Amino acid sequence: MFQKDLLKNKTIIVTGGGSGLGKSMGLQFSELGANLVITSRRQDVLDQTADEISSATGGKVLPISTDVREPEQVKAMVSETVKKFGEINGCLNNAAGNFISPTENLSENAFKTVLDIVLQGTFNCTLAVGKEMIKNNGGVFLNIVTTYAWTGSGYVVPSAAAKAGVLSMTRSLAVEWAKYGIRTNAIAPGPFPTKGAWDRLAPPGFGIEKKMKNRIPLKRFGEHIELANLASFLMSDGSGYINGEVVTIDGGEWLQGAGQFNELGKIPKLVWAGLDKMRKKKEKP
Ligand code: HXC
Ligand code: NAP
Numbered sequence: 007m008f009q010k011d012l013l014k015n016k017t018i019i020v021t022g023g024g025s026g027l028g029k030s031m032g033l034q035f036s037e038l039g040a041n042l043v044i045t046s047r048r049q050d051v052l053d054q055t056a057d058e059i060s061s062a063t064g065g066k067v068l069p070i071s072t073d074v075r076e077p078e079q080v081k082a083m084v085s086e087t088v089k090k091f092g093e094i095n096g097c098l099n100n101a102a103g104n105f106i107s108p109t110e111n112l113s114e115n116a117f118k119t120v121l122d123i124v125l126q127g128t129f130n131c132t133l134a135v136g137k138e139m140i141k142n143n144g145g146v147f148l149n150i151v152t153t154y155a156w157t158g159s160g161y162v163v164p165s166a167a168a169k170a171g172v173l174s175m176t177r178s179l180a181v182e183w184a185k186y187g188i189r190t191n192a193i194a195p196g197p198f199p200t201k202g203a204w205d206r207l208a209p210p211g212f213g214i215e216k217k218m219k220n221r222i223p224l225k226r227f228g229e230h231i232e233l234a235n236l237a238s239f240l241m242s243d244g245s246g247y248i249n250g251e252v253v254t255i256d257g258g259e260w261l262q263g264a265g266q267f268n269e270l271g272k273i274p275k276l277v278w279a280g281l282d283k284m285r286k287k288k289e290k291p
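So this is what it looks like as structure tokens:
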């Protein structure tokens, strides 16, 4: 789909890059020529992912353990990146924390924990990387949100509130930092199977996975390569005039819930034929 050198000579940081979707997007950035920096809390997971990606692509991959909630750790990670690669051209804010719970059962700390990772963590990385990008006259931020950033969703209230904040920050900085040559966009994925998300959000035995799939007009989950393709495009110079946008990649899932008559898709053809007959009968003088 892309020219092999689409991201050549670009240095891209991927937070939460050791596992799941961050790993898949990082792999494709590396395949397309980027120098990759992957961060998360677990150094052993990062080391293994870095080995896997660099052996697959031959690219340079730097694994740096960083808790995005800790500004000093984030600043140290940014300094190490600059020391190794000279400058930073892209930052994929992908690290997240989430779980399902009735809101009345949450502690204040449970809410704060998710907000700290998703919203404060995204800000910490954006601030530290942004200062470098301002010095270099440009760069690209890509923030991973989800469709309930604008619809909201019960049972994931901390995550919904935090992702809404990230979306608002995306649109705000798209305007404020455009003068520095910095583009800021977001991707809103629907369900893409990963261990991290499925363990926490789709515990087996309740039929949640089947229900999730049935809600999607395309009747399937997303494939990691589909998300990676979108992320690579938005990271590349090919999307140079896209700024402040959130691109949804969910097989039509959120609109299925939004359209008042979409449930009529469940009506069998025969019933439609019957309704039509009745209508025509009524219309006869
Ligand atoms: C209620 C919970 C809880 C749960 C933790 N807490 N899990 N409350 N239900 N299931 C509470 C704890 O009791 C504690 O509050 C507070 O949250 C902090 O918990 P810790 O375990 O100390 O936090 P920490 O070790 O920092 O771990 C953070 C985490 C964990 C978010 C709780 O799940 C994590 O590390 N997640 C990272 C990866 C992840 O979540 N991936 C999924 C992303 S998927 P008290 O009051 O007891 O101290 C995603 C998909 C979106 O975002 C859309 C899908 C379609
Ligand atoms: P995942 O594998 O659990 O990814 C979350 C990553 O964040 C992990 O690598 C985790 O690594 C890292 N992380 C968590 N807390 C951190 C912290 N404090 N500091 C640094 N890193 C931290 O799950 P995923 O499904 O790939 O999710 C990736 C992104 O996609 C998230 O933003 C999620 O909200 C979004 N998303 C996913 C789906 C889906 O269906 N999968 C749908 C919509 C949106 P450590 O635990 O090692 O720190």
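Here this note's numbering is used: the first residue of the sequence shown is 7, the next is one more, and so on. For glycine and all other residues, C-beta sits at the position ideal for the given N, C-alpha and C. Since the structure is predicted, the reported quantities are computational estimates derived from the model, not experimental observations.
- Short check: CB of A134 to CB of G22, under 7 Å? Contact check for A134 against G22 fails: the beta carbons are separated by 7 Å or more.
- Query: How is R189 classed by DSSP in three states: helix, strand or coil?
  - Reply: In this structure, R189 counts as strand in the three-state DSSP scheme.
- Query: Tell me which same chain residues have a C-beta within less than 8 Å of the C-beta of L68, skipping the five on either side of it?
  - Reply: In chain order, N41, L42, V43, I44, A56, E86, T87, K90 and F91 place their CB closer than 8 Å to the CB of L68, counting only its own chain and leaving out the 5 sequence neighbours on each side.
- Message: Nearer than 6 Å: is that true of the beta carbon of I292 relative to any heavy atom of the ligand NAP?
- Response: Nothing in the structure corresponds to residue 292, since the chain is present only between 7 and 291.
- Item | V131 versus N220 - alpha carbon distance | Note that residue 131 is Cys in the sequence shown, not Val. The straight-line gap from Cα to Cα measures roughly 36 Å.
- In terms of residues, what are the limits of the alpha helix (DSSP H) holding I140? For I140, the enclosing alpha helix (DSSP H) begins and ends at G127 to K141.
- For L281 and Q54, the rounded distance between their alpha carbons: If you take the alpha carbons of Q54 and L281, they lie about 60 Å apart.
- Task: Would you list, in sequence order, the uninterrupted alpha helix (DSSP H) runs of no fewer than 4 residues that lie entirely inside the stretch 157-209?
- Result: Scanning the stretch 157-209 from its first residue to its last, the whole alpha helix (DSSP H) runs of 4-plus residues come out as 163-182 and 201-207.
- Compute every distance between the C-beta of I140 and the non-hydrogen atoms of the ligand NAP, then say whether any falls below 6 Å. Answer for I140: no, Cβ out of range of the ligand NAP.
- Hey, would you say the C-beta of T300 is under 6 Å away from at least one heavy atom of the ligand HXC? No information on residue 300 is available, as it lies outside the stretch 7 to 291 that the chain covers here.
- Item | Beta-carbon gap between L6 and T190 smaller than 7 Å | Examination of residue 6 is not possible in this model, given that the chain is present from 7 through 291 alone.
- Task: Rank I214, G144 and T200 by C-alpha distance to the C-alpha of E229 and give the top, closest one.
- Result: Checking every option, the nearest Cα to that of E229 belongs to T200.
- Item | Cβ-Cβ distance between G263 and I222 below 7 Å | Contact: no.
- Item | Range covered by the alpha helix (DSSP H) that runs through V80 | Here the alpha helix (DSSP H) through V80 covers P77 to F91.
- 8 Å contact criterion, which L148 and M241 should meet: CB distance rounded: For L148 against M241, the beta-carbon gap comes to about 6 Å, under 8 Å, which counts as contact.
- Task: Name the two residues that bound the continuous alpha helix (DSSP H) containing F35.
- Result: F35 -> alpha helix (DSSP H) spans G26 to E37.
- Query: Expressed to the nearest angstrom, what Euclidean distance is found between the alpha-carbon atoms of W279 and Q126?
  - Reply: Note on identity: in this sequence residue 279 is Ala, with Trp being the wrong assignment. A279 and Q126: Cα-Cα distance of roughly 55 Å.
- Which residues in the same chain as K169 place their Cβ atom closer than 6 Å to its Cβ, once the five residues preceding and following it in sequence are excluded? These residues qualify, in order along the chain: V151, T152 and A155.
- What do you reckon, is the C-beta of S46 under 6 Å from a heavy atom of the ligand HXC? No - the ligand HXC has no heavy atom lying nearer than 6 Å to the Cβ of S46.
- Rounded to whole angstroms, how far is the Cβ of R206 from the Cβ of I106, which I believe are closer than 8 Å? The C-beta distance from R206 to I106 rounds to 7 Å, short enough to fall under 8 Å.
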